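**Student:**
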Amino acid sequence: MKHPHLLSVLLPININYPFTYSCTEALEIGTIVKVSFRNRELYGVVWSHEGHLTNFDKQKIKPIITKKIGDDCLTLPADLIGFLEWVSNYYMVPLGLALKASFKKQFFEKQAKKKIYYTFNPAHASKITQKQETVIELLRVNGALEKNRIISMTGHSNDLIRRMIRKDILKEAVSFIELEEKIYLETDIDFTPEQICAMEEVITSLKKQKVTLIDGITGSGKTELYLEAATRVLRQGKQVLIMLPEITLTQEFIKIFRSRFKNQIGEWHSGLSEAKRRQLWFDILNKKIRLIVGARSSLFLPFIDLGLIVVDEEHDQSYKQEEGMIYNARDMAILRAKQLKIACILSSATPSVETFENIVSKKYSRAVLKKRFYGTNLPTISCIDMRKAKKETDSFLPIELIDDLKKTKDRNEQSLIFLNRRGYSPLSICGNCGVRVDCPDCDAWLVLHKNASKYKCHYCGHTQQSDIKCKNCHSSDKIIQTGLGIEKIDEELNRLLPDMSRVIFSSDYLQSPDSVSRALKKITENEIDLIIGTQLISKGHNFPSLTYVGILDADFGLEVTDIRASERTYQILNQVSGRAGRVKRDSKVKIMTHMPDHPLLQSLINNKKHEFYNAELTIRNTSRMPPFARLVAIIISSKNRKILSEFSQKLAIANNFPKDVELLGPIEAPISRMRKYYRQRFLIRGPKNCNIQFYIKRWLDSIKLPPQIRITIDVDPQNFL
Ligand code: ADP
Ligand code: ZN
Ligand code: ZN
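Each residue of the sequence shown is one higher than the last, beginning at 1334 in this note's numbering.
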């Protein structure tokens, strides 16, 4: 009998080490194999050639079930394996969980159908009918397309296309390389002198494989610049990944990319069907698709020849995954690029403070765009001082705002009212006894959503009917709504300006990609006078008729709740303002505030971006906060309050950190209970270059974890709730 080879196989489960299996032959590292594990069949990855010590009992070692996926063996790229190891170490997540981010079992169960692309065969010898000519014309423009796409794009029958294939008028496209010339060279963009200058900077860092920030105001051509960079890299035959925040991955945005890159482009986001995902995954591994536009998880795709990563809106919070495997996709994109020795382009009008620091310290290079392409000015920003402002009769809205909205409509232009609060009112109180309507599972108030006739918890999603009785005194007709949500703004504007057509742009109203598309279309075509939006509106979209933005209740963001509060507020106010006047001149932004002299608002009004960033860096530096120090948050939670506080005390006492690493806490978390779990927080702070993960691991390993306790580790935390 042949001596079996031992393999350690990593499984995509919540365990930090691989398991040992045997195989009749040695398999390459990275090979995907099917194995049996605790009575389940799982797909795992050959991680190393030795058995893993933790379950090294030769008698018990099982052979793998199969190494064939469909007809072939599949191997993950070596750099992906290195990357997953790094992610696991850095974010202190089990290696198996990191692996889970890169494929799904379903990808391998059914065999993916092979995609066949057809292209025009100039060597054919048949007569061409008029209908056939339209197909050929389509393929001239698009290079190559799948049969079904040809059918849907021309409206011709399946038979007609089949006949063309039979007659050799269409032939199977061998690979995209063959179509290269046709596909990428079609840009008719002439860069402005400023853009040329910035592009040179980008090209230099492509050559030097550096990280570059395209730092430009909204509408200055950042997207055009990185698309040009992507085109250059695609021309070298390599793959390109463009990452976008999930919510900007709308059809509108994809359309721009598609018009440029035709069928070369694949989209990767949470809305995809399983079948599409699988197809794309294989297409990337086989390099059939070379340009991927994706949300944060696209970072874990099996690129075989990646040449560039772009992170658009690099400051965006949605790059941070806050559940399951907690990681920051922006940071990991930079890391993956570094490991691959390729360039990484970040793009933002309001970079993160970390990125700004890396520019100041010359670690990253910067390409600057200061002018809007259409020659329009940035909007003039001013404040409406709510301490003095005259209000409309019986209203909380200032007369000035209402006047502005009317005037904007009179010019046949569009306005946006921004308030970053979903629902009708954030706080409901019983008028009889003063008790608040709160979530049964969280330490949080319920928010009334009138459109759904429900109260919703914004932390756990719990809902209850809006006609509830007070849980304390059972009175049913005295619940008082206080505070502002966008639904209340909508109601008020409907009362004051009934002739204006409005749309509410928030996640509660636009739940499907289709409804977002429909709303965007109406806005772009100027069928809407007034947009009322949450932060969902602040990203990416181009609204040609929008010339007025009113920002309500900016004070909310000016209160310093955590170290990132000012940065976040600055970014969001800037982004929202940037929606205005992209095409038309003379746009205005008015911020309603009780603190018009606040330095943050002053930097914004006077367009002193560097002033804001420098002040922020000084604060971070003197208070020893990131990017000048490292932070890791540990959240301990349990359904049992007593066990939780005992365990946190134990952890505090077990503090075995070196002198320069501080253990702060435990404190009760600001949301002290969430989804029935009580929560306490520690914060660990260390110098910039220390191996903080090592110390944390040593500390946590020194104490036995009771079964009722959960620990969440958040490296480089963004939120402190
Ligand atoms: P940003 O990403 O900085 O907001 P975009 O790249 O989206 O800016 O550019 C704003 C608008 O100007 C887009 O419609 C874009 O197509 C157009 N644009 C920018 N630069 C050029 C150029 N050099 N030639 C033609 N159109 C351009
Ligand atoms: Zn809740
Ligand atoms: Zn009551």
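Quick reminder that beta carbons are idealized off the backbone N, C-alpha and C, glycines included.
In this text, all values refer to a predicted model and were calculated from it rather than measured experimentally.
Which partner residues of Lys1724 appear in the DSSP bridge assignment?
**Tutor:** Working through the sequence shown from its first residue, we reach residue 1724 at position 391. Answer by DSSP bridge pairing, in chain order: Pro1731.
**Student:** Could you check how far apart the C-beta atoms of Ser1910 and Val1882 are, in whole angstroms? I think they sit under 8 Å.
**Tutor:** Within the sequence shown, numbered from 1, the residue matching residue 1910 stands at position 577. Within the sequence shown, numbered from 1, the residue matching residue 1882 stands at position 549. Between Val1882 and Ser1910 the Cβ distance is about 6 Å, and since that is below 8 Å, they are a contact.
**Student:** Could you give the residue range of the beta strand (DSSP E) that holds Thr1867?
**Tutor:** Residue 1867 sits at position 534 when you count from the first residue of the sequence shown. Looking at the DSSP string, Thr1867 is not in any beta strand (DSSP E), and its letter there is neither H nor E.
**Student:** Do the stretch 1641-1653 and the stretch 1556-1570 meet, that is, are 3 or more Cβ pairs less than 8 Å apart?
**Tutor:** They touch, by the three-pair rule.
**Student:** Of the choices Val2048, Val1626, Trp1601, whose alpha-carbon is the least far from that of Ile1594?
**Tutor:** Translated into the one-based positions of the sequence shown, residue 1594 becomes position 261. It is Phe, not Ile, that sits at residue 1594 in the sequence shown. Cα-wise, what sits closest to Phe1594 is Val1626.
**Student:** Tell me the rounded alpha-carbon separation between Lys1515 and Ile1494.
**Tutor:** Here residue 1515 corresponds to residue number 182 of the sequence shown, with the count starting at 1. Here residue 1494 corresponds to residue number 161 of the sequence shown, with the count starting at 1. The pLDDT assigned to Lys1515 is 46, lower than 50, so where the model puts this residue is not dependable; a value taken from the coordinates is nonetheless given after this. Roughly 22 Å separates the two Cα atoms.
**Student:** If we count the other Cβ atoms within 10 Å of its Cβ and call it buried at 16 or more, is Ile1547 buried or exposed?
**Tutor:** In the sequence shown, residue 1547 corresponds to position 214, counting from 1. Buried, because 16 or more other Cβ atoms sit within 10 Å of the Cβ of Ile1547.
**Student:** Would you kindly report the start and end of the unbroken beta strand (DSSP E) that includes Phe1990?
**Tutor:** If you number the sequence shown from 1, residue 1990 lands on position 657. No beta strand (DSSP E) contains Phe1990, which DSSP labels as neither H nor E.
**Student:** Let me know if Ile1967 comes out buried or exposed under the rule of 16 or more other beta-carbons within 10 Å of its beta-carbon.
**Tutor:** For the purposes of this step, residue 1967 is taken as residue 634 along the sequence shown, with counting starting at 1. Buried, by the Cβ-count rule.
**Student:** With a CB to CB cut of under 6 Å and the five nearest residues on each side skipped, what residues in its chain are close to Pro1427?
**Tutor:** Reading the sequence shown from its first residue, position 94 is the one you call residue 1427. Excluding positions up to five away in sequence, the list reads Asn1347, Ile1348, Asn1349.
**Student:** Using 8 Å as the cut-off, can you tell me whether the stretch 2022-2033 makes contact with the stretch 1791-1803, which would need three or more C-beta pairs spanning the two stretches below that distance?
**Tutor:** These segments do not touch.
**Student:** Between Asn1765 and ligand 3, is the CB less than 7 Å from at least one heavy atom?
**Tutor:** Sequence index remark: in the sequence shown, residue 1765 carries index 432 (1-based). Checking every heavy atom of ligand 3 against the Cβ of Asn1765, one is found closer than 7 Å.
**Student:** Are Arg1918 and Thr1709 close, meaning C-beta to C-beta below 8 Å?
**Tutor:** Translated into the one-based positions of the sequence shown, residue 1918 becomes position 585. Translated into the one-based positions of the sequence shown, residue 1709 becomes position 376. For Arg1918 and Thr1709, yes; Cβs fall inside 8 Å.
**Student:** Using DSSP with H/G/I as helix, E/B as strand and the rest coil, what is Asn1859?
**Tutor:** Counted from its first residue, the sequence shown places residue 1859 at position 526. The answer is coil: DSSP assigns Asn1859 none of H, G, I, E or B.
**Student:** Could you name the residues, in chain order, whose CB is less than 6 Å away from a heavy atom belonging to ligand 2?
**Tutor:** So the residues near ligand 2 by this Cβ test are Cys1772, Asp1774, Cys1775, Ala1777, Cys1790, Tyr1792, Cys1793, His1795.
**Student:** Measuring only from the beta carbon, is Ser1808 closer than 7 Å to any heavy atom that is part of ligand 3?
**Tutor:** Position 475 of the sequence shown, counted from the first residue, corresponds to residue 1808. Indeed, a heavy atom of ligand 3 lies less than 7 Å from the Cβ.
**Student:** Would you mind working out which of His1943, Ile1622, Arg2043, Arg1744 sits nearest Pro1684, comparing C-alpha positions?
**Tutor:** For the purposes of this step, residue 1684 is identified with residue 351 of the sequence shown, where counting begins at 1. Selected option, being the one with the closest Cα: His1943.
**Student:** Quick check on this structure: which residue in Phe1876, Gln1868, Ser1878 has the alpha carbon closest to the alpha carbon of Gly1890?
**Tutor:** Looking up residue 1890 in the sequence shown gives position 557. Comparing Cα-Cα distances from Gly1890 to each of Phe1876, Gln1868, Ser1878, the minimum goes to Gln1868.
**Student:** At which residues does the alpha helix (DSSP H) containing Tyr2028 begin and terminate?
**Tutor:** To locate residue 2028, count along the sequence shown from 1; it is residue 695. From DSSP, the alpha helix (DSSP H) with Tyr2028 extends over 2025-2034.
**Student:** How is Tyr1881 classed by DSSP in three states: helix, strand or coil?
**Tutor:** The residue you call residue 1881 lines up with position 548 of the sequence shown. Reduced to three states, the DSSP call for Tyr1881 is strand.
**Student:** Helix, strand or coil: how does DSSP classify Glu1892 here?
**Tutor:** Locating residue 1892 in the sequence shown gives position 559, counting from the first residue. In the structure shown, Glu1892 sits in coil (DSSP, three-state: anything other than H, G, I, E or B).
**Student:** Should Ser1553 be listed as close to ligand 1, given that the test is whether its C-beta is under 7 Å from any heavy atom?
**Tutor:** As a first step, residue 1553 must be located in the sequence shown, where it is residue number 220. Yes - ligand 1 has a heavy atom lying nearer than 7 Å to the Cβ of Ser1553.
**Student:** Less than 8 Å between the C-beta atoms of Leu1817 and Leu1885, yes or no?
**Tutor:** Position 484 of the sequence shown, counting from 1, holds the residue named residue 1817. Position 552 of the sequence shown, counting from 1, holds the residue named residue 1885. Contact flag set, yes.
**Student:** Buried or exposed: Ser1848, going by 16 or more other Cβ atoms within 10 Å of its Cβ?
**Tutor:** Within the sequence shown, numbered from 1, the residue matching residue 1848 stands at position 515. With fewer than 16 other Cβ atoms within 10 Å, it is exposed.
**Student:** If you draw a straight line from the C-alpha of Ser1728 to the C-alpha of Ile1822, how long is it?
**Tutor:** Residue mapping note: residue 1728 aligns to position 395 of the sequence shown, counting from 1. Residue mapping note: residue 1822 aligns to position 489 of the sequence shown, counting from 1. Ser1728 and Ile1822: Cα-Cα distance of roughly 10 Å.
**Student:** I'd like the list of long-range same chain contacts for Ser1715, defined as Cβ closer than 7 Å, with 5 residues on each side in sequence excluded.
**Tutor:** Here residue 1715 refers to the residue found at position 382 when the sequence shown is read from its first residue. Closer than 7 Å at the Cβ level, and outside the excluded window around Ser1715, lie Lys1923, Ile1938.
**Student:** Which residues does DSSP pair with Gly1377 in a beta bridge?
**Tutor:** Along the sequence shown, read from residue 1 onward, the residue named residue 1377 stands at position 44. For Gly1377, which the question treats as bridged, DSSP gives the partners Val1366.
**Student:** Please confirm whether any heavy atom of ligand 1 lies closer than 7 Å to the CB of Asp1405.
**Tutor:** Translated into positions along the sequence shown, residue 1405 becomes position 72. Asp1405 Cβ: outside cutoff for every heavy atom of ligand 1.
**Student:** Distance check for Lys1438 and Ser2035, CA to CA, integer angstroms please.
**Tutor:** By one-based count along the sequence shown, residue 2035 stands at place 702. By one-based count along the sequence shown, residue 1438 stands at place 105. The alpha-carbon atoms of Ser2035 and Lys1438 are separated by roughly 35 Å.
**Student:** Name the two residues that bound the continuous beta strand (DSSP E) containing Ser1758.
**Tutor:** Here residue 1758 refers to the residue found at position 425 of the sequence shown. Premise fails: Ser1758 is in no beta strand (DSSP E) and is neither H nor E.
**Student:** From Thr1726 to Thr1713, what does the alpha carbon distance come to, in whole angstroms?
**Tutor:** Taking the first residue of the sequence shown as 1, we reach residue 1726 at position 393. Taking the first residue of the sequence shown as 1, we reach residue 1713 at position 380. If you take the alpha carbons of Thr1726 and Thr1713, they lie about 28 Å apart.
**Student:** Is Ile1812 helix, strand or coil by DSSP?
**Tutor:** Working through the sequence shown from its first residue, we reach residue 1812 at position 479. The answer is strand: DSSP assigns Ile1812 an E or B state.
**Student:** Looking at C-alpha atoms only, which residue of Lys1872, Val2048, Asn1940 is the closest neighbour of Pro1959?
**Tutor:** Here residue 1959 refers to the residue found at position 626 of the sequence shown. Checked all of Lys1872, Val2048, Asn1940; the closest Cα to Pro1959 is Val2048.
**Student:** When you compare each of Asn1954, Arg1901, Gln1597 to Val1474 by their alpha carbons, which one comes out closest?
**Tutor:** Here residue 1474 refers to the residue found at position 141 of the sequence shown. It is Gln1597.
**Student:** Helix, strand or coil: which one does DSSP assign to Phe1838?
**Tutor:** Against the sequence shown, residue 1838 aligns to sequence position 505. Of the three classes helix, strand and coil, the one that applies to Phe1838 here is strand, per DSSP.
**Student:** Just to check my reading of the structure: Ser1355 and His1382 have Cβ atoms closer than 8 Å, yes? What is that Cβ distance to the nearest angstrom?
**Tutor:** For this step, residue 1355 is matched to residue 22 along the sequence shown. For this step, residue 1382 is matched to residue 49 along the sequence shown. Wrong, their Cβ atoms sit about 12 Å apart, outside the cutoff.
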